[in-house]
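> The listed protein sequences correspond, in order, to chains A and B.
In terms of our numbering, the first sequence opens at residue 2 and continues consecutively.
In terms of our numbering, the second sequence opens at residue 430 and continues consecutively.
Backbone N, C-alpha and C fix where the C-beta goes; we use that ideal spot for every residue, glycine too.
If you scroll down you'll find the structure; I have some questions about it.
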Amino acid sequence: MDSIELNDVHKSYDGVPALRGVSLRVPQGAVYGVLGPYGAGKTTLIHLIAGFLRPDRGSIRVLGSEQIQQVDGRVGYVPERARYHTRYTVREYLFYLGRFSGLSGARLRRRVAAEIDAFGLTGVADHLLGALPRGMVQRVGLAQALLSEPEVVLIDEPTAGLDPEGQRDIVDLLVAVRRRGCTILMATHFLDEADLLCDRIGILHGGRIAAEAETHSLHRPSSSVVITVTDLPPATETALIALSPAVQCNRREITLAPNTPELQAQVLRLLLDHGIAIVTLAPRRHPIEEFYLEAVRGETGRNGSSEAPPPGPSGMGDTLLRELLQQEDQRTHEDQERKSL
Amino acid sequence: MNALVRTCWFAVFTLSEYLRSGRIVVEVLATAAAYYLFFRRWTMPMTPEYFFSTAGLLMLGLTVYTGSTILALGDRAVGYVTLARRLGRGPYLLGLYLAVLAVSWSVYGAICLLIALTNPIGGLGFVGWVLGTIPLLLNLALLAAFLTLLTPIVLPAPWRLAVLALVALAFSGNLIGGATLSSLPAPVAVALDVTRTILSTPMLPAFTGYAISVSRDYNGASAAVPLAQLFLVIGLLALAVYSFAKREIVFSA
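So this is what it looks like as structure tokens:
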């Protein structure tokens with residue numbers, strides 16, 4: 002069953018279209034990321050699902066109902082840019098919001114205590130929201146959204162405006178939220194965030210979902226990688242270029258485009274044989290970034306058919322590279338044996 | 430029942446925020462100023478008529494301030510978090526309304542208490558005070574309900590302008606009357622007169638309520654006036670809640 006279902010949703014403001022036929026489905030328990038630049042219509046989309054706005058055309062079903070009022074309390078909402086009442090302490094605020102959600106008595110106290118604990122707010126529970134750093138306020142935002150144990154959570158730009166450390170903290174908390182099993186629809190323009198948290202992503206561009214893909218499907222070897230080395234002597238460079246026209250050298254960077262596992266293995270072997278220290282081996286672009294750019298350029302179909310580069314971890318050391326080479330050798334050897342049989 | 434409880438909790442929440450914001454200082458200062466200027470012991474003793482007519486007008490002015498300030502608290506982006514819950518739009522709006530009433534009625538109570546302690550009104554017993562106070566408080570409730578209806582989150586700007594235009598037309602008797610009215614072509618004068626009569630009818634309870642508050646004379650049909658005030662309050666609030674429920678929520682700030 003789909004927890005969120007949008008069919009051909011149109012929305013415009015004073016005749017200016019914001020969404021032009023958005024259709025998407027989020028299965029129960031899945032995490033769906035809506036990616037798009039500022040102004041793409043992500044907040045409009047979330048406000049439509051939350052029932053603040055009404056579509057000009059099309060239908061929206063949340064937990065099987067087209068009337069969001071019927072599912073109030075089963076949907077949590079985290080707004081963009083930490084918009085909360087700042088004159089309350091964290092505890093007071095959660096108590097009030099819990100009451101508005103229909104909680105009371107021992108259950109309310111238990112839920113507030115549980116969320117304060119879950120989001121690391123114990124130390125600041127009696128501080129005013131207005132006096133908290135932005136990262137803490139966003140934790141309060143997550144805590145309030147989950148207070149009534151909703152089945153669906155709508156999260157709008159959870160890490161916008163946070164410093165890198167704050168972003169990391171919130172992403173870690175969102176990973177924990179994900180484990181609770183609720184359905185999450187998250188709007189973001191941070192690709193790493195979507196990559197880490199989402200099962201499926203949709204690129205919102207031009208008022209439509211320009212492309213959709215399962216995030217795991219984007220993590221497959223192909224396309225191109227960049228190998229950064231400490232130094233690249235002319236002799237090594239010549240040898241590398243001789244390997245294949247797909248190898249391009251530029252000072253301390255070697256680009257394999259298109260890349261193949263065999264070519265990658267050859268290049269790495271050559272570098273190691275020449276005693277060249279490898280600094281990093283990484284996809285030329287982040288797989289989601291590549292998917293995103295292709296979607297925005299209209300090069301990708303709706304099924305996420307883009308080929309993404311391999312997930313080469315940055316800063317890969319020589320030992321790990323040797324292991325990978327040995328595995329590749331082993332695989333090649335096994336293939337040859339299979340063919341000879 | 431649950432909706433009523435949530436409405437009350439939201440009113441408490443709003444009141445609490447209003448108090449913490451410090452805006453209540455204006456009401457406190459206004460109460461002190463009103464007492465000092467109009468109700469402290471003068472050489473002449475204060476009559477009940479003087480008290481109810483003066484307090485009735487002062488409180489209307491103060492309710493406009495309180496109402497617009499508290500209702501503006503409900504028109505901020507922080508409201509999304511509140512409305513995303515089970516609270517509901519009706520309780521949200523009624524909670525704001527109740528908070529306005531609580532402040533407005535409390536200020537009136539404070540003025541009455543100050544007067545009772547320092548400058549008791551001659552010839553006004555408790556019953557007389559209650560009889561004058563009921564229509565006065567209902568008038569404040571009526572004004573607060575009207576302000577609620579005119580909030581940007583309830584009515585879009587063109588509708589608000591239209592409502593205000595109708596009110597202006599209903600009150601236009603002072604500007605377009607007598608010689609001016611008779612100088613207009615007969616059909617226009619008749620049409621204007623009829624329109625004014627129709628438009629000013631809903632305001633009758635407010636005006637007669639004020640008059641009864643001052644006179645405390647409930648003889649004959651006057652006894653029905655507080656009831657008419659109450660029904661008008663309910664009607665305005667129902668209209669506001671209906672409109673708010675139908676509107677898209679785009680908060681101003």
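Between which residues of its own chain and A/R100 is the CB-CB distance below 6 Å, once the five residues before and five after are set aside?
The answer is none, since no qualifying residue turns up.
> Using a Cβ-Cβ cutoff of less than 7 Å, which residues in the same chain neighbour A/V125 once the five nearest sequence positions on both sides are dropped?
Excluding positions up to five away in sequence, the list reads V91, L133, M137.
> Please report the residue range of the alpha helix (DSSP H) in which A/Q249 lies.
Careful: A/Q249 lies outside any alpha helix (DSSP H), inside the beta strand (DSSP E) at 248-251.
> Got a sec: is the Cβ-Cβ distance from B/E446 to anything in chain A below 7 Å?
Answer yes: the Cβ-Cβ gap between B/E446 and chain A drops below 7 Å somewhere.
> Under 8 Å Cβ to Cβ from B/L512, same chain only, skipping five residues before and after it: list those, please.
If we look at B/L512 and ignore the five residues flanking it on each side, its Cβ neighbours are R518, Y521, I678.
> Using a Cβ-Cβ distance cut-off of 7 Å, determine whether B/Y671 contacts chain A.
Judged by the 7 Å Cβ criterion, B/Y671 is not in contact with chain A.
> Taking 7 Å as the CB-CB cut-off, is A/H11 touching chain B?
It does not; no Cβ of chain B falls within 7 Å.
> Can you give me the start and stop residues for the beta strand (DSSP E) that A/H190 sits inside?
A/H190 -> no beta strand (DSSP E), and no H or E assigned at all.
> Can you check whether the C-beta of B/L516 is within less than 7 Å of a C-beta belonging to chain A?
Closer than 7 Å to some Cβ of chain A, the Cβ of B/L516 qualifies, so yes.
> Could you tell me whether any Cβ in chain A is nearer than 7 Å to the Cβ of B/E456?
It does not; no Cβ of chain A falls within 7 Å.
> List the residues that DSSP assigns as beta-bridge partners of A/I228.
BP columns for A/I228 point to A/I255, A/L282.
> Suppose the cutoff is 8 Å on Cβ atoms and the five residues either side in sequence are ignored; what does the same chain contact list for A/A195 look like?
Contacts found: G34, L36, M187, T189, I202, T216, I289.
> Under the three-state reduction of DSSP, which class applies to A/R75: helix, strand or coil?
Three-state DSSP puts A/R75 in coil, outside helix and strand.
> Once the 5 residues before and after A/A354 are set aside, which same chain residues still bring their CB inside 7 Å of it?
The shown model of chain A, from 2 to 342, leaves out residue 354 of chain A, and the question about it has no answer.
> Just to confirm, are A/I50 and A/L175 a CB contact at a threshold of 7 Å?
Against a cut-off of 7 Å, the Cβ pair of A/L175 and A/I50 comes out as no contact.
> Once the 5 residues before and after B/L565 are set aside, which same chain residues still bring their CB inside 8 Å of it?
So the list reads F481, A484, G485, M488, Y537, G638, Y639, S642, once near-sequence residues are dropped.
> Could you give the first and the last residue of the continuous alpha helix (DSSP H) run that contains A/G142?
Segment 135-147, the alpha helix (DSSP H) holding A/G142.
> With a threshold of 6 Å on Cβ separation, who are the neighbours of A/Q139 within its own chain once the five nearest residues in sequence on each side are excluded?
Taken in chain order, the residues that qualify are A83, I171.
> Residues bridged to A/L155 by DSSP?
A/L155 is bridged to A/Y78, A/L186.
> At least one CB of chain B closer than 7 Å to the CB of A/P80: is that the case?
Output row for A/P80: interface = yes.
> Identify which residue in B/A653, B/G649, B/L593 has its Cα closest to the Cα of B/A635.
Ranking B/A653, B/G649, B/L593 by Cα distance to B/A635 puts B/A653 first.
> Which class does B/V556 belong to by DSSP, given the choice of helix, strand or coil?
DSSP places B/V556 in helix when its eight states are reduced to three.
> If I follow the unbroken beta strand (DSSP E) through A/I50, where does it start and stop?
Unbroken run through A/I50 is the alpha helix (DSSP H), 43-51; no beta strand (DSSP E).
> Any beta-carbon of chain A closer than 7 Å to the one on B/E478?
It does not: the Cβ of B/E478 has no partner Cβ on chain A nearer than 7 Å.
> Which residue's Cα is closest to the Cα of B/T396: A/E93, A/S66, A/G52?
Absent from the model: residue 396 of chain B. The displayed extent of chain B is 430 to 682, so no value can be given.
> At what residues does the beta strand (DSSP E) containing A/V63 begin and finish?
Counting along the chain, the beta strand (DSSP E) containing A/V63 begins and ends at 58-63.
> What do you reckon, are the CB atoms on A/K12 and A/T45 nearer than 7 Å?
Yes.
> I'd like to know whether the C-beta atoms of A/T229 and A/R253 end up nearer to each other than 7 Å.
Yes; because the gap between Cβ atoms is below 7 Å, this pair is in contact.
> For B/R452, which residues in the same chain have their Cβ closer than 6 Å to its Cβ, ignoring the five residues on either side in sequence?
T498, listed in sequence order.
> Determine the closest residue to A/S66 out of A/L7, A/P18, A/T231, with distance taken between C-alpha atoms.
With distances taken between Cα atoms, A/S66 lies closest to A/L7.
> Would you please state the rounded distance, in angstroms, between the beta carbons of B/L516 and B/R435? I believe it to be under 8 Å.
Sure, about 5 Å apart at Cβ, within 8 Å.
> Taking buried to mean at least 16 other C-beta atoms within 10 Å of its own C-beta, is A/M2 buried or exposed?
Burial call: exposed.
> DSSP state of A/D9, grouped into three classes?
Here A/D9 sits in strand by DSSP.
> Please report the straight-line C-alpha distance between B/W534 and B/L569, rounded to a whole angstrom.
Rounded to the nearest angstrom, the two C-alpha atoms are 8 Å apart.
> Express the C-alpha separation of B/E478 and B/G551 in angstroms, rounding to a whole number.
Taking the straight line joining both Cα atoms gives about 11 Å.
> Strictly under 7 Å for the Cβ-Cβ distance: is A/H190 near chain B by that measure?
It does not; no Cβ of chain B falls within 7 Å.
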